[in-house]
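Chains as they are written, first to last, in the working numbering: chain A, 44 to 358; chain B, 93 to 344. C-beta atoms are modelled at their ideal positions from N, C-alpha and C, and glycine is treated no differently. Small disclaimer: the values here were computed from a predicted structure and weren't measured. I have placed the structure first, in the form of structure tokens, so that the comments after it can refer back to it.
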Amino acid sequence: MVKLAACAAFVMLVILSIFIGAGEFSPWQAIHDPAALQLFFASRLPRTIAAALTGAALSIAGLIMQALVRNRFVEPSTAGTAQSAALGILIMTLVFPAASLAMKTLFASILALLGTSIFMMTAHRLPPAQPYLVPLFGLVYGGVIGAVVTFIGWQTELLQFIDIWTNGEFSGVVRGRYELLWGTALMAAIAWWIADRLTVLSLGRDVSIGLGLSYQRTLQLGLVIVSVISALTVVIVGIIPFVGLVVPNLVSRMLGDNLRGTIPWVGLSGATLVLGCDVLGRLLRYPYEIPVATVMGVVGAILFLRLMFTRATHA
Amino acid sequence: MIRIENVSLSHRDMPILHDITLSLEKGGITALVGPNGAGKSSLLSLIARLQPLQTGRILVDGLPVGSTPSRLLAQRLAILRQDGAVASRLTVRELIGFGRFPHHQGRAGAADIALVEAALEQFELQALAERFIDTLSGGQRQRALVAMTFCQGTDYMLLDEPLNNLDMFHARQLMRSLRSIVDERQRTAIVVLHDINQAAAHADRIVALRDGKVIADGTPNEVLTEDNLELVFGYRMQIMQIAGRPLVLQHL
Ligand SMILES: Nc1ncnc2c1ncn2[C@@H]1O[C@H](COP(=O)(O)OP(=O)(O)O)[C@@H](O)[C@H]1O
Ligand SMILES: [Mg+2]
């Protein structure tokens, strides 16, 4: 029932996202008007795909991160991953301004990996009896890296670029400028492929070793997936908060934590949520746009509070 | 056979295990007893390669635990940890199913599914099969974890205080299940027990540890003497004989 509703909502938002925007574009025109068709392929379709990919990938990244850290309240944008990626692209922009987007993304991924590894190593040392210490530490840690990014940006007069990377929005997404995002789909597919290993990992180190899982290797693979997804989305869209936090938690409440079964639903729900926030951002002050990160900040916060104050439904 | 040869362990400068040499034959139930901090959990986690060996050797069917591929070992040896807290929301059936992971790496076949059903039945968990484990009572969860360990289908099962949280009915039930699994399928169980009378009633062999040393080792009748128990637990208790097995009046 809920699954059906999620599918229906997703399809509806895809249609809405394609037909809403500043340029005239109706289903009738799509068939008869070549200029409208051009708008469809150059802008509306890429934007819709980008939003869906970003939402799905960020949610899955959040899910994996929660399995790796064994804490439900972490996600890439609150644990230094996204901030490290932003630092990476800033450094590339300063040092190798001529580098291709793919090269910049690669470097951003490496810094994201580094930043997240440091977070993980520290998180594993925090007393497990106090689960809120980990997300709190993540917030501070991410905040510090974010401050470094802002400081460098301020010193080098790159602040307006930094805003692009840190405040996610889809208005700049057109054909030719978003295709790297398909890399996140690849990462999501890998995550699904190793879903059982990730579930075993989430049962803890001792259970993992007892079941013969190569614990360190799986941990590293998970970290790479999270880092690459974060870097790709930061470079092309910018940071979007809360998706990676609320979507996995909502799905876990309903379907549990067996990742082979839940990853597709986490992806679909994340895609729906981000698409929905993007459409909302386009409608609220039509014909002006509100960045998706801003809308998500509000919507995500409301969803998060709801999560905190409602108890899990028992199966 | 599990061979433990000259195994010592210390943490910082604190000695935890002191030069332990022990052979655990295949088949039967061996109970590991001793006061808190004796080193029982440490010994089990060394056998199960959950922490690295510092000195000595441990062989499982001739395979050295330090250097044998983890997956191969996981097909021969299963461990249930004392603090086996599982935070994930898995159903009881899913959790037990992950016990088959060493054999199928995530692609469960018909045989795996049949084994999960058998484990659900053996531990009387059918009614709870679709419940998420975070909605179970401590004792129910403990049974699910034991069923998962059992479902791994290994020749050797290391169970660290499996009777934790279980009521009398289920504690007895679990020990009897263990007995029948061990007898019918030639399995080997090494069980840490705090209730000395469970060990007296169900174990074939008792190994008593204190301060990281083996104090006594043998059949229940050999080990459970007033002198041995005083040496291990620090006070004298009366021992009676009922149906050929010792009964320790530990609470008096
Ligand atoms: N990770 C650890 N760090 C420090 N000391 C430990 C650690 N694990 C166990 N110990 C110590 O080792 C001794 C044996 O512990 P353990 O094997 O858990 O005993 P048992 O299971 O018999 O109660 C105890 O004194 C305990 O404090
Ligand atoms: Mg113990």
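Outcome for Thr147 (chain B) when other beta-carbon atoms lying within 10 angstroms are tallied against a minimum of 16: exposed
Between Ala170 (chain B) and Leu250 (chain B), which are expected to be in contact by the criterion C-beta below 8 Å, what is the C-beta distance as a whole number of angstroms? 7 Å
Could you name the residues of chain A that Ala211 (chain B) contacts, counting a contact when the two beta carbons are closer than 8 Å? What Ala211 (chain B) touches in chain A: nothing, since even the nearest Cβ is about 15 Å away.
Residues of its chain near Gly230 (chain B), where Cβ-Cβ distance is below 7 Å and the 5 sequence neighbours each way are ignored: Asn257
Buried or exposed for Tyr248 (chain B), going by 16 or more other Cβ atoms inside 10 Å? buried
Beta-carbon of Ile268 (chain A) versus every beta-carbon of chain B: anything under 8 Å? no
Identify every residue that forms a DSSP beta bridge with Leu308 (chain B). Note on identity: in this sequence residue 308 (chain B) is Ala, with Leu being the wrong assignment. For Ala308 (chain B), which the question treats as bridged, DSSP gives the partners B:Ala300.
Let's see if you can read the secondary structure: which residues bound the beta strand (DSSP E) around His346 (chain B)? Because chain B spans 93 through 344 in this model, residue 346 (chain B) falls outside it and cannot be assessed.
Contact set between the stretch 211-231 of chain B and chain A, restricted to residues whose Cβ is under 7 Å from the partner: Glu222, Arg223, Phe224, Thr227
Please look up how many angstroms separate the CB atoms of Gly123 (chain A) and Thr159 (chain A), rounded, as I've assumed it's under 8 Å. 7 Å
What residue ranges within the stretch 124-148 of chain B form continuous alpha helix (DSSP H) runs of no fewer than 4 residues, ordered along the chain? 132-139
Same chain, Cβ closer than 8 Å to Leu256 (chain A), neighbours up to 5 away in sequence not counted: Arg240, Val243, Leu244
I'd like to know if Gly255 (chain A) contacts chain B, where contact means its C-beta is closer than 8 Å to some C-beta of that chain. yes
When A:Val267, A:Phe213, A:Val286 are compared against Pro89 (chain A), the one with the closest alpha-carbon: A:Phe213
Hey, could you find the ends of the beta strand (DSSP E) Pro330 (chain A) is sitting in? It is not in any beta strand (DSSP E) - Pro330 (chain A) carries neither H nor E in the DSSP assignment.
So the beta strand (DSSP E) Ile331 (chain B) belongs to, where does it begin and stop? 330-334
For Asp153 (chain B), collect the residues of the same chain with a Cβ closer than 7 Å to its Cβ; drop the 5 residues on either side in sequence, then sort them by chain order. Met93, Arg168
Using three-state DSSP, classify Tyr248 (chain B) as helix, strand or coil. strand
Mind listing the chain B neighbours of Ser245 (chain A)? Cutoff is C-beta to C-beta under 7 Å, in chain order. Ser180
By alpha-carbon positions, which one of A:Val280, A:Pro119, A:Lys147, A:Arg115 ends up nearest to Gly215 (chain A)? A:Val280
On the criterion of 16 or more Cβ atoms from any shown chain inside 10 Å, does Asn98 (chain B) qualify as buried, or is it exposed? exposed
Beta carbons nearer than 7 Å to chain A: which residues of the stretch 235-259 of chain B have them? none
At a Cβ cut of 7 Å, what residues of the stretch 286-302 of chain A count as close to chain B, listed as they run along the chain? Ser295, Gly299, Asp300, Asn301
Which partner residues of Glu97 (chain B) appear in the DSSP bridge assignment? B:Arg149
Sort out for me which residues DSSP pairs Pro156 (chain B) with in a bridge. B:Leu151
When the cut-off is 8 Å and only beta carbons count, does Asp249 (chain A) lie next to chain B? yes
Given the structure, does Ser127 (chain A) come close to ligand 2, in the sense that its CB is under 7 Å from one of the ligand's heavy atoms? no
Count Cβ pairs between the stretch 197-208 of chain A and the stretch 309-320 of chain A that sit closer than 8 Å; are there 3 or more? no
Cβ-based neighbour list, Ser133 (chain B), same chain, cut-off 6 Å, excluding 5 preceding and 5 following: Gln174, Asp252
With respect to the beta strand (DSSP E) encompassing Thr280 (chain B), which residues constitute its N-terminal and C-terminal limits? 280-284
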